[in-house]
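Engineer:
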Amino acid sequence: MNSTAIQLTLENVLYEKKGATAYLTLNRPKVLNALNTKTWEELQTAFEAARDDEEVHGVILTGAGDKAFIAGADINELAHLTAVEGEESSSFGQAVLNLVENLGKPVIAAINGFALGGGCETAMACTIRIASETAKFGQPEVKLGVLPGGGGTQRLPRLVGKGRALQLILTGEMISAQEAYRIGLVNEVVPAANLIPRAEAILKQIFSNAPIAVKYSLEAVNKGLETSQDEGLALEASFFGLCAGTEDKKEGTSAFLEKRAPQFQGR
1 MNSTAIQLTL
11 ENVLYEKKGA
21 TAYLTLNRPK
31 VLNALNTKTW
41 EELQTAFEAA
51 RDDEEVHGVI
61 LTGAGDKAFI
71 AGADINELAH
81 LTAVEGEESS
91 SFGQAVLNLV
101 ENLGKPVIAA
111 INGFALGGGC
121 ETAMACTIRI
131 ASETAKFGQP
141 EVKLGVLPGG
151 GGTQRLPRLV
161 GKGRALQLIL
171 TGEMISAQEA
181 YRIGLVNEVV
191 PAANLIPRAE
201 AILKQIFSNA
211 PIAVKYSLEA
221 VNKGLETSQD
231 EGLALEASFF
241 GLCAGTEDKK
251 EGTSAFLEKR
261 APQFQGR
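Going by my numbering, the sequence shown wraps up at 267, each residue one higher than the last.
Right under this line is the structure:
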């Protein structure tokens, strides 16, 4: 996949590839990277490109400027939605974020400012969330007469528990990065200057491991959460068996026994 071509076709999302990492940046800083229909569509295009590019092993998602990751929906667009259009818009946003969550490759949200509404929902669809010290989080949709429509009512309780999720959703309150860390909404809080380097360091750790094992680990967790524990355990055993038959397993165990670094090939 040619990253230069992608940059030419997208207006609101920047796509850059460095080595095995794709960098996706929401690029509407004048409106705090708000999500309108075109931006949702471009996010889908960019993530599909990252998914289909065999050279890309992971993604870092962030927002342009120093104020916002994604400040939420484009209110000018939201104000004119009919009931039918609202359901269609919600379903489309959910589909894009399902793509992010089930990309088969780790996606790290580097949250550099406001992550509100659809921005918080986008972050929650990512594999790992790293926040700058000044980041803010919230699901303020009830203040606008709607509810979270990009998966917020489903992913937030799974991440922080039902009680905390309902408090955030029903009050529409905004919380700090430190509070988001305390309740388990984000993995780490770092100084703004360290945000991208820390995301890169985490991906570097992941990239050193067997690619097939990483992919199946992601799938086992994501699918297992939607089933009973017994069904999840059966799924885990199935993926474990698939990994056990790979060349990477042979290389990983051989390298361990020979006290050397493994050279995984993704086979």
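Using N, Cα and C, we set each Cβ at its ideal position, and we do this for glycine too.
1) Enumerate in chain order the residues of its own chain whose CB-to-CB distance from Ala-46 is below 6 Å, with the five nearest sequence positions on each side excluded.
2) With distances taken between CB atoms, is the gap from Leu-235 to Gly-224 smaller than 9 Å?
3) Could you confirm whether any beta carbon from chain D is found closer than 9 Å to the beta carbon of Arg-129?
4) Whose C-beta lies closer than 8 Å to the C-beta of Phe-256 among residues of the same chain, with five residues either side of it excluded?
5) Please determine if the segment 196-207 and the segment 164-179 are in contact, where contact requires at least 3 C-beta pairs separated by less than 8 Å.
6) By the three-class DSSP mapping on this structure, what secondary structure does Ser-238 have?
7) Beta-carbon separation of Lys-18 and Asp-53 under 9 Å?
8) Grab me the residues of Gly-172's own chain with a C-beta within less than 6 Å of its C-beta, minus the 5 sequence neighbours each way, in chain order.
9) What separation, rounded to the nearest whole angstrom, lies between the Cα atoms of Asn-98 and Gly-119?
10) So the candidates are Val-107, Gly-149, Glu-258, Gly-163; which of them puts its Cα closest to the Cα of Leu-35?
11) Over the uninterrupted alpha helix (DSSP H) stretch that includes Ser-90, give me the two end residues.
12) May I ask you to list the residues that DSSP assigns as paired with Ile-175?
13) Just mark Ser-132 as buried or exposed, buried being the case when its beta carbon has 16 or more other beta carbons within 10 Å.
14) Considering only C-alpha positions, which residue in the set Ala-135, Thr-134, Ile-111 is nearest to Cys-126?
15) Assign Ser-89 to one of two classes, buried (16 or more other C-beta atoms within 10 Å of its C-beta) or exposed (fewer than that).
16) Can you find the residues in the same chain that come closer than 7 Å, C-beta to C-beta, to Asn-27, ignoring five residues on each side of it along the sequence?
17) Do you know how far the Cα of Asp-66 is from the Cα of Gln-94?
18) Between Ile-183 and the rest of its own chain, which residues show a CB-CB distance below 7 Å, the 5 nearest in sequence each way excluded?
19) Taking only runs that begin and end inside the segment 1-75, name each unbroken beta strand (DSSP E) of 3 or more residues, in chain order.
20) So, is Asp-248 buried or exposed, given that buried needs 16 or more other C-beta atoms within 10 angstroms?
21) So, for Leu-8: in the same chain, excluding its five sequence neighbours on each side, which residues have a beta-carbon less than 6 Å away from its beta-carbon?
22) Based on Cα-Cα distance, which residue from Gln-265, Gly-232, Arg-158, Asp-74 lies nearest to Trp-40?
23) Where does Leu-116 fall in DSSP's three states?
Structural biologist: Checking against the coordinates, here is how it stands:
1) Correct list, in chain order: Val-13, Tyr-15, Leu-24.
2) In this structure, Leu-235 sits near Gly-224, with a CB-CB distance shorter than 9 Å.
3) Note that chain D does not occur in the displayed structure, where there is just one protein chain.
4) Excluding positions up to five away in sequence, the list reads Pro-262.
5) Counting Cβ pairs under 8 Å, fewer than three are found: no touch.
6) Note: Ser-238 maps to helix in three-state DSSP.
7) Taking 9 Å as the cut-off, the Cβ atoms of Lys-18 and Asp-53 do not count as close.
8) For Gly-172, same chain residues with a beta-carbon under 6 Å away, outside a window of 5 residues either side, are Pro-140, Val-142, Lys-143 in chain order.
9) Straight-line Cα distance between these residues: approximately 14 Å.
10) The shortest C-alpha separation from Leu-35 is found at Gly-149.
11) Segment 83-101, the alpha helix (DSSP H) holding Ser-90.
12) As DSSP reads the structure, Ile-175 sits in a beta bridge with Phe-137.
13) Its Cβ being crowded by 16 or more others within 10 Å, Ser-132 is buried.
14) Nearest neighbour of Cys-126 by Cα position, chosen from Ala-135, Thr-134, Ile-111, turns out to be Ile-111.
15) It is buried - the Cβ of Ser-89 has at least 16 other Cβ atoms within 10 Å.
16) If the five residues before and after Asn-27 are omitted, its C-beta is found closer than 7 Å to the C-beta atoms of Asn-12, Val-13, Leu-14, Ala-64, all from its own chain and listed in chain order.
17) Their backbone Cα atoms lie some 26 Å apart in a straight line.
18) These residues qualify, in order along the chain: Val-160, Arg-164.
19) Whole beta strand (DSSP E) segments, 3+ residues: 13-18, 21-26, 58-63, 68-70.
20) Its Cβ being crowded by 16 or more others within 10 Å, Asp-248 is buried.
21) Its pLDDT being 46, under 50, Leu-8 is placed unreliably in this model, and the coordinates cannot settle the point.
22) Taking only the C-alpha atoms, the option nearest Trp-40 is Asp-74.
23) In the displayed model, Leu-116 falls within a strand according to three-state DSSP.
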